[in-house]
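2 protein chains.
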Amino acid sequence: MPLLTMKFGGTSVSDMERMRAAASKIKREVDRGYNVIAVISAMGDTTNNLVGLVEGTSSLFDAREYDAVISTGESLASALMALVLQDLDVPARSWQGWQVPVRTTSAHGTARITGIETKGLQAKFAEGMKVAVAAGFQGVSPEGRIATLGRGGSDTSAVAFATAFNCERCDIYTDVDGVYTADPRLVANARKLEKISYEEMLELASLGAKVLQTRSVELAMRYKVRLCVRSSFNDNSGTLVCDEEDIMEQNIVSGIAQSLDEAKISILSVEDRPGVAEAVFGSLADSGVNVDMIIQTISERKLTDMTFTCPVSQVERAVNALRTARERGSVGFRDLSADTDVCKVSVVGIGMRSHTGVATKMFGALAKKDINIKAISTSEIKISVLVDRIHMERAVRALHDEFDLETAT
Amino acid sequence: MPLLTMKFGGTSVSDMERMRAAASKIKREVDRGYNVIAVISAMGDTTNNLVGLVEGTSSLFDAREYDAVISTGESLASALMALVLQDLDVPARSWQGWQVPVRTTSAHGTARITGIETKGLQAKFAEGMKVAVAAGFQGVSPEGRIATLGRGGSDTSAVAFATAFNCERCDIYTDVDGVYTADPRLVANARKLEKISYEEMLELASLGAKVLQTRSVELAMRYKVRLCVRSSFNDNSGTLVCDEEDIMEQNIVSGIAQSLDEAKISILSVEDRPGVAEAVFGSLADSGVNVDMIIQTISERKLTDMTFTCPVSQVERAVNALRTARERGSVGFRDLSADTDVCKVSVVGIGMRSHTGVATKMFGALAKKDINIKAISTSEIKISVLVDRIHMERAVRALHDEFDLETAT
């Protein structure tokens with residue numbers, strides 16, 4: 000019997016009506032002859048509410064108990080889904096992480112899956128079970144404690160199940176019906192992509208597209224799991240995330256992403272001497288700050304200005320790290336300033352590997368709209384620029400037009 | 000290190016404030032030198048809400064998934080309690096049923112505990128854990144599924160833990176501060192008992208006193224677990240449920256109980272022949288009707304009337320069973336009538352074993368108040384009468400006065 004993994008996120012199972020809609024999508028695949036591993040997230044806002052309860056107990060809480068609390072959301076949802084499927088006459092049962100078992104590391108709250116035992120489910124499939132409803136986001140540590148995978152971890156659970164069971168496909172059902180060339184809320188003529196490569200999806204996910212969790216795309220890429228992003232609320236075909244080779248025609252640029260979770264920190268009048276960059280970014284790394292873009296202006300009289308970006312939530316940590324470094328004498332600077340009134344806009348496309356001129360075209364399009372670029376970072380298949388937050392929508396639209404993303408090649 | 004089991008019911012952990020109050024009671028015992036097994040129920044109305052969700056999926060639901068759903072209430076509450084205890088600097092951790100493990104039968108929804116593994120908890124106590132916060136009401140079946148013990152099952156969980164770990168005492172924290180000579184809401188001068196025997200507690204529990212679940216008292220009696228019923232909301236000493244021999248002075252009557260969950264069914268003009276009682280009560284037993292009191296009136300012309308009582312929820316089942324028996328020809332009768340406008344009032348006391356005249360005194364007291372007795376049942380240590388519901392309060396007060404229960408011997 001061919002196997003399929005189907006993952007339903009929180010908004011897709013937020014109430015009983017939506018759960019029934021999701022169940023009928025599962026039933027349809029069963030009727031087509033598939034056995035299904037359905038990976039279920041917690042209903043609606045459950046996880047946020049549970050996190051609130053934990054935070055109410057103490058500011059410094061035990062991550063193992065945090066995991067025991069928040070995992071109840073997925074345990075509940077998966078058992079309810081099994082009941083709803085049974086009501087549709089689909090032979091289904093729920094599986095909590097420890098029952099499968101899904102084995103994880105002991106890094107509670109951000110655990111990684113180390114393996115999924117297939118025997119238990121296989122035996123039940125052999126006995127006639129059609130759907131194994133697996134609680135997403137959770138597993139069991141070597142110490143026998145419940146461990147969770149971190150926010151959005153159900154995507155990763157789904158890909159891990161698809162890998163372990165060698166599933167034909169891993170369908171991710173969510174509240175959008177695929178991956179778009181840009182956020183449709185910003186760009187009216189954004190186009191849904193039929194296919195996108197793992198590499199591009201990975202860039203888009205880490206650049207702020209909220210469709211898939213970055214880790215799940217990494218995992219899918221490593222094990223060549225065919226991921227399909229689809230809507231829970233309609234029957235559109237969705238977007239297939241697959242190998243580059245499986246995509247016949249490729250635009251040079253596939254999509255535009257934007258992120259507001261970007262802050263710019265400037266360190267002014269830094270003593271310019273060999274090793275100063277190491278001292279600055281070493282102290283930031285030691286404090287766990289994820290630095291993205293870096294700019295260093297030309298130095299005058301042995302003093303230079305340095306600018307970098309990091310996630311908004313890490314600004315305080317970054318500022319503290321730098322002040323501490325100055326007190327210890329490892330870095331000298333006159334002043335520092337943080338600016339969260341910025342955003343990052345990125346163009347992503349595998350075609351950039353073989354085509355030059357993408358950056359020029361991008362910068363030109365922004366210049367035409369009088370949008371000033373405050374920082375730039377690039378990788379092999381993406382170019383990101385930092386601009387004032389007020390320009391975000393105009394920048395995304397300008398780039399979408401410039402690269403003619405409305406039209407498929 | 001001496002061990003104590005402390006059980007907290009749903010109203011005792013209904014919000015974070017109450018959870019903190021419960022945690023400080025646990026901490027106090029730890030400070031006195033005890034290691035504690037804290038058995039926790041689901042918070043407030045959680046279980047009812049979860050049952051509602053299950054019932055929303057289907058009218059005929061899989062009891063295994065029902066258990067997977069409702070057990071999340073205790074899993075959540077026990078992990079939160081561990082966090083609250085840790086915040087008070089008490090080394091605590093949560094244990095779900097499968098983690099202990101608490102082994103049960105496969106009778107999902109009404110499972111019985113078959114054993115509790117002690118190794119895991121003992122090892123953690125040896126490493127410095129002071130409180131094992133165990134999720135009440137749940138265990139794991141031989142098939143590795145979550146099984147629950149039925150309503151009020153957390154009391155049974157607590158006694159089972161106290162038995163398995165040979166605890167010095169099993170404290171049941173609830174919303175009343177002990178066992179009273181009568182329901183204090185009905186009888187203003189009801190007196191809290193310092194001690195009560197297992198046998199009496201068992202009668203009171205099954206007669207409608209809601210303080211403890213009947214099964215938990217049975218279990219405590221069998222294994223001689225010293226049960227203490229105490230309030231979560233004050234520091235009163237509570238009531239110790241213990242061996243008869245541990246109670247120095249004993250009133251002849253210890254308490255009065257009343258129950259509204261009693262219906263009277265009369266079968267009129269039954270053919271009076273040998274074997275008819277067997278036929279009537281056999282068909283009721285086959286249908287799962289719990290018959291309590293039975294009255295048969297003197298027969299005339301080969302016809303008799305029979306009256307019995309059963310729980311209100313079983314009236315429909317009883318009526319159907321009798322009609323079916325008549326259709327099949329195994330029982331002949333003219334008519335039947337059901338009356339739920341009645342109540343059962345009982346006096347309970349171990350002293351009855353050695354003292355005569357309790358029944359006479361009881362009937363006399365009710366007669367003085369013009370309360371008509373509609374049925375009677377007795378055991379070695381209790382006498383129950385059925386009266387019209389309208390007389391319930393007056394009957395309970397009259398008996399409380401008659402046996403002078405306000406005053407301890």
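These protein sequence lines are chains A and B, in that order. If you read the first sequence in numbering that gives the first Met the number 0, its first letter stands for residue 0, the second for the next number, and so on. If you read the second sequence in numbering that gives the first Met the number 0, its first letter stands for residue 0, the second for the next number, and so on. Quick reminder that beta carbons are idealized off the backbone N, C-alpha and C, glycines included.
Relative to the alpha-carbon of residue 386 (chain A), which residue among A:393, A:373 and A:335 has its alpha-carbon at the smallest distance? A:373
If you follow the alpha helix (DSSP H) that residue 323 (chain A) is part of, which residue opens it and which one closes it? 314-327
In terms of residues, what are the limits of the alpha helix (DSSP H) holding residue 74 (chain B)? 62-86
Measure the beta-carbon distance from residue 236 (chain A) to residue 174 (chain A) and round it to whole angstroms, keeping in mind my assumption that it falls under 8 Å. In fact, because the Cβ distance is near 16 Å, the residues do not count as touching under 8 Å.
Nearest residue (CA-CA) to residue 242 (chain B), options B:248, B:97, B:47 and B:220: B:220
If the cut is a Cβ gap below 7 Å, which residues of chain A does residue 86 (chain B) touch? 56 and 57
Quick one: does residue 83 (chain A) have its CB under 9 Å from some CB of chain B? yes
Cβ-based contacts, 9 Å cut-off: residues of the segment 98-121 of chain B near chain A: Those residues of the segment 98-121 of chain B that come within reach of chain A (Cβ to Cβ, closer than 9 Å) are 98 and 119.
Going by Cα to Cα distance, which pick from A:276, A:401 and A:353 is closest to residue 360 (chain A)? A:401
Are the CB atoms of residue 124 (chain A) and residue 134 (chain A) within a distance shorter than 9 Å? Cβ atoms of residue 134 (chain A) and residue 124 (chain A): not closer than 9 Å.
3-residue-minimum beta strand (DSSP E) runs that sit fully inside the segment 149-213 of chain A, ordered along the chain: 168-173 and 194-196
Assign residue 389 (chain B) to buried or exposed, taking buried as 16 or more other Cβ atoms, counted over all protein chains shown, within 10 Å of its Cβ. exposed
Quick check on the burial criterion: 16 or more other C-beta atoms within 10 angstroms. Buried or exposed for residue 34 (chain A)? buried
Whole-number beta carbon distance between residue 79 (chain B) and residue 5 (chain B), since they are thought to touch under 8 Å: With a Cβ gap of about 16 Å, residue 5 (chain B) and residue 79 (chain B) do not count as contacting.
Pull up the distance between the alpha-carbon of residue 332 (chain B) and that of residue 376 (chain B), whole angstroms please. 24 Å
Start-to-end residues for the alpha helix (DSSP H) that takes in residue 121 (chain B): 118-125
Determine, using beta-carbon pairs with one atom in the segment 96-104 of chain A and one in the segment 139-148 of chain A, whether at least three such pairs fall under 8 Å. The segment 96-104 of chain A makes contact with the segment 139-148 of chain A, as at least three CB pairs between them are under 8 Å.
Which residue comes first and which comes last in the alpha helix (DSSP H) that contains residue 380 (chain B)? No alpha helix (DSSP H) contains residue 380 (chain B), which DSSP labels as neither H nor E.
In its own chain, which residues sit with a C-beta less than 6 Å from the C-beta of residue 74 (chain A), not counting the 5 before and 5 after it? 95 and 134
Pair within 9 Å by beta-carbon distance, residue 177 (chain B) and residue 252 (chain B): no
Does residue 362 (chain B) come out as helix, strand or coil in the three-state DSSP assignment? The answer is helix: DSSP assigns residue 362 (chain B) an H, G or I state.
Let me know the secondary structure DSSP gives residue 138 (chain B) once reduced to three states. strand
So, under 8 Å CB-CB, residue 65 (chain A) and residue 53 (chain A) are touching, yes? Tell me the CB distance rounded to an integer number of Å. 5 Å
Where does the unbroken alpha helix (DSSP H) through residue 280 (chain A) begin, and where does it stop? 275-285
Quick one: residues in its chain with C-beta nearer than 6 Å to the C-beta of residue 8 (chain A), no 5 flanking neighbours on either side, listed in chain order? 40 and 173
Assuming residue 395 (chain A) is part of the alpha helix (DSSP H), what are its boundary residues? 391-401
Is it buried or exposed for residue 59 (chain B), if we count other Cβ within 10 angstroms and need 16 for buried? exposed
Around the Cβ of residue 274 (chain B), are there at least 16 other Cβ atoms within 10 angstroms (buried) or fewer (exposed)? exposed
Assuming residue 320 (chain A) and residue 283 (chain A) make a contact with CB atoms under 8 Å, what is their CB distance in whole Å? 5 Å
Would you tell me roughly how many angstroms separate the C-alpha atoms of residue 22 (chain B) and residue 156 (chain B), rounded to the nearest one? Cα-Cα distance, rounded: 19 Å.
Report the residue from B:272, B:311, B:148 and B:129 whose alpha carbon sits nearest the alpha carbon of residue 207 (chain B). B:311
Close-in-space but distant-in-sequence residues of the same chain around residue 256 (chain B) (CB under 6 Å, 5 per side omitted): 203, 206, 207, 208 and 345
Leaving aside the five residues before and after residue 42 (chain A) along the sequence, list all residues of the same chain whose C-beta is less than 6 Å from its C-beta, in chain order. 12, 13 and 76
Given residue 288 (chain A) as reference, the closest of A:300, A:213, A:263 and A:302 once Cα atoms are compared: Taking the Cα of residue 288 (chain A) as reference, the smallest distance to any Cα among A:300, A:213, A:263 and A:302 is reached at A:263.
Residues near residue 107 (chain B) in its chain [Cβ-Cβ closer than 6 Å; skip 5 each side]: 62, 63, 66 and 146
For a cutoff of 9 Å on Cβ pairs, would you count residue 92 (chain B) as touching chain A? yes
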